[in-house]
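Below is one structure, written out as structure tokens; the observations come after it.
Number of protein chains: 2
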Amino acid sequence: MSTINDVAERAGVSVTTVSRVLNNRGYISEKTRQNVYRAMQELQYQPNEIARSLLRKQSNLIGLIVPEISHPFFAEFANAVEFHAYQYGCKLLLCNSHRDPDKEREYIEMMRRHRVDGIIMGSHTLEIEDYRNLNNPIVTLDRRIDGIPFVASDNERGGERAARLLIAKGCRKLAHICGNLRLDMLANRRTYAFERTAQESGVWFTTLQTDMNVFDQSEYDRIIAELFEHHPDIDGVFATSDIIAAFVLKWCRKLGKQVPGDIRIVGYDDVRMASWASPGITTIRQPIAEMGRTAVELIRKQMDGEPYEMENVFPIELVERETT
Amino acid sequence: MSTINDVAERAGVSVTTVSRVLNNRGYISEKTRQNVYRAMQELQYQPNEIARSLLRKQSNLIGLIVPEISHPFFAEFANAVEFHAYQYGCKLLLCNSHRDPDKEREYIEMMRRHRVDGIIMGSHTLEIEDYRNLNNPIVTLDRRIDGIPFVASDNERGGERAARLLIAKGCRKLAHICGNLRLDMLANRRTYAFERTAQESGVWFTTLQTDMNVFDQSEYDRIIAELFEHHPDIDGVFATSDIIAAFVLKWCRKLGKQVPGDIRIVGYDDVRMASWASPGITTIRQPIAEMGRTAVELIRKQMDGEPYEMENVFPIELVERETT
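Protein chains in written order, with the working numbering: chain A, 1 to 324; chain B, 1001 to 1324.
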């Protein structure tokens, strides 16, 4: 195996110069750099992966920041990101932010130090300025920031279809449970579209927001218990995730309400769990696997200087199961 | 900011020598190495994270290989691993093997090149020899290999308790659905203990193995449909995961069987989904979060040369919900 000394000799430069090229440090003329690269190729010099990263200025790492990987939506999204990153020879650095802005910021800083090729941001507690200071290629999930490409489902159409379905099935008193609307997320459009559609149809509705924490089960229980206490005659629920829909289903069972006889339920996402539930949960399907693939492609296109779309909105699909 | 040149000057050595120390290449006397380290400290020389990895021979990366992150058990395990790795300043490299031995081997090779601090192996298609050739600290999940520490739940006691519960509730015709027993996993002990307990109690039972693919939903459907076709009078099912238990529940609903009136169901894992289901799934709980924490600690202890336990078996707990 050839060493850095062999490379230096072949290129007719000092080892220091080779090291500088490797470390991308100090002034090196383009001619010298090319000589060193050529010598490395000719000698099939194999620095280890870390040294190679320095050489290529690529780490073959893609960072993914999600609120919590144990949430089925993010687990299925990460699955797709990992699969497609692997096709490009990239590995996945996985970070849970737990919606903690400090942890999110610290993770972004770590990723910069590790020179990740790009960051897919699926957690959104940070201010827009924190993103602007990044030089890495970046893609956001479900958040629109000028100058940064995003992937999202057609949230607007999703919210509208959920409302239309419940109304068409005869529901006249609707509840909608959504994430916290203070988070600047495109998912909020589900709520606005649902409310607008109900309003235009003259159907009564109420909207309940969860806490900032995406995944607090006791919070879901509290909200749903309160909903049925104050509005026992609710006959249609649109939940912003299949998990919340499953919690509504659980409460209906507890309170002796027939689904879909007394009350109809529509979720969002179509995570696998929606079809495992009994009864199977009717839901608005986002194409999670395709969104993951596109997120990876958007990183690669930015790296390679290829053109790319800024707005990547995926059509939703109504999947009718047994809760409507 | 100080440069590699400043470090060389302060240490009284050439830049090549500093580079050698950084790259851990060529002969360097211990005295020179210490001089270079001291100069770096005094000058607060900050090589980037990748260069620092070379310096410390630590990457601050922990690799986790799972069959599929979208499986709730592995998603929750990864969540815990990420959380505890973060406490140690480590990031998580996540790999899905999809139970493909080639992909598993390739991932392990990649991790070596990236100089990960350690590998947590949650996927087990490889032969024991493939593990032995690794020099990195390694921890396995649910597999016992001489000389490698593992974490697992008390599978034996889990299988026994599931059988005892079903029998105590009056079940007299049991079915057990398990993973593929050709995989060399400690989870297989659930099956052996379940079968032994049923046998000792003189209760009839049948065991059905799933395919190698951990997560083929149509396979679950096929197995369960066949089970009820051949044995419509089964009155107790022990499934090796809560997901499979949810599928059994779905089939019972489809076939008009009352749960727990006509048939009782026990799962394994206690992933969050088990409590979201309606009725809530009775299950054998493995302490997933603690197992993740211990896996990370076992990597750190190996790195730091601290003593550690080889066999880390965690007590299970019976969580009774509505399916028994």
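Glycine included, each C-beta is placed from N, C-alpha and C at the ideal position. Computed from a predicted model, the values in this text were never measured in an experiment.
Assigned secondary structure, residue i (DSSP; H/G/I helix, E/B strand, else coil)
i	result
B/Thr1207	strand
B/Val1007	helix
A/Cys252	helix
B/Lys1091	strand
B/Met1121	strand
B/Gly1158	helix
A/Arg285	strand
B/Gly1280	coil
A/Ile145	strand
A/Leu22	helix
A/Glu68	coil
A/Val313	strand
A/Gly236	strand
A/Leu134	coil
A/Gly63	strand
B/Ala1187	coil
A/Arg318	Correcting the residue identity first, residue 318 of chain A is Leu in this sequence and not Arg. In this structure, A/Leu318 counts as strand in the three-state DSSP scheme.
A/Val13	coil
A/Thr323	coil
B/Val1081	helix
A/Val296	helix
CB contact below 7 Å: residue i versus chain A
i	result
B/Val1015	yes
B/Ile1069	yes
B/Asn1312	no
B/Asp1006	no
B/Asn1135	no
B/Arg1196	no
B/Leu1094	yes
B/Met1273	yes
B/Asn1155	no
B/Ala1075	yes
B/Ser1123	no
Backbone CA spacing between residue i and residue j [nearest angstrom]
i	j	result
A/Asp184	A/Cys95	20 Å
A/Asp211	A/His71	15 Å
A/Asn188	A/Cys178	8 Å
B/Pro1287	A/Ala198	44 Å
B/Arg1020	B/Ile1028	8 Å
B/Ile1223	A/Arg285	27 Å
B/Leu1092	B/Asp1304	19 Å
B/Gln1209	B/Glu1104	23 Å
B/Phe1150	B/Gly1063	15 Å
A/Asn79	A/Val139	17 Å
B/Gln1217	B/Val1036	58 Å
A/Pro307	A/Ile244	38 Å
B/Arg1321	A/Ala277	16 Å
A/Leu54	A/Pro101	Since pLDDT at A/Leu54 reaches only 48, below the 50 mark, its modelled position is unreliable, and the value read off the structure follows with that caveat. Approximately 30 Å, taken between the alpha carbons.
B/Leu1181	B/Thr1207	11 Å
Neighbour flag for residue i against chain B, beta carbons, 7 Å
i	result
A/Asn180	no
A/Lys250	yes
A/Lys91	yes
A/Ser29	no
A/Ala82	With the sequence shown as reference, residue 82 of chain A is identified as Glu, and Ala is not the correct amino acid for it. Interface residue, yes.
A/Arg264	no
A/Glu290	no
A/Arg253	yes
A/Thr78	The sequence shown places Ala at residue 78 of chain A, not Thr. For A/Ala78, the answer is yes, since a Cβ of chain B falls inside 7 Å of its Cβ.
A/Ala246	yes
A/Trp276	yes
A/Ser2	no
Bounding residues of the beta strand (DSSP E) (the contiguous stretch that carries residue i)
i	result
A/Tyr268	264 to 269
A/Leu174	173 to 178
Delimiting residues of the alpha helix (DSSP H) encompassing residue i
i	result
A/Val151	Note, A/Val151: premise wrong, no alpha helix (DSSP H); beta strand (DSSP E) at 150 to 153.
B/Gln1217	1217 to 1230
A/Val36	30 to 42
B/Pro1101	1101 to 1113
Between the segment 1290 to 1301 of chain B and the segment 264 to 273 of chain A, do at least 3 Cβ pairs fall closer than 8 Å? no
Answer yes if the segment 238 to 245 of chain A comes into contact with the segment 300 to 320 of chain A, meaning at least three C-beta pairs across the two stretches below 8 Å, and no otherwise. no
Three Cβ pairs or more, each shorter than 8 Å: is that satisfied between the segment 147 to 164 of chain A and the segment 309 to 316 of chain A? yes
Taking contact to mean 3 or more Cβ pairs, one atom from each stretch, closer than 8 Å, check whether the segment 1251 to 1259 of chain B and the segment 1223 to 1236 of chain B are in contact. yes
Between the segment 104 to 123 of chain A and the segment 1103 to 1110 of chain B, are three or more C-beta pairs nearer than 8 Å? no
The segment 67 to 81 of chain A contacting the segment 31 to 42 of chain A, beta-carbon criterion three pairs below 8 Å: no
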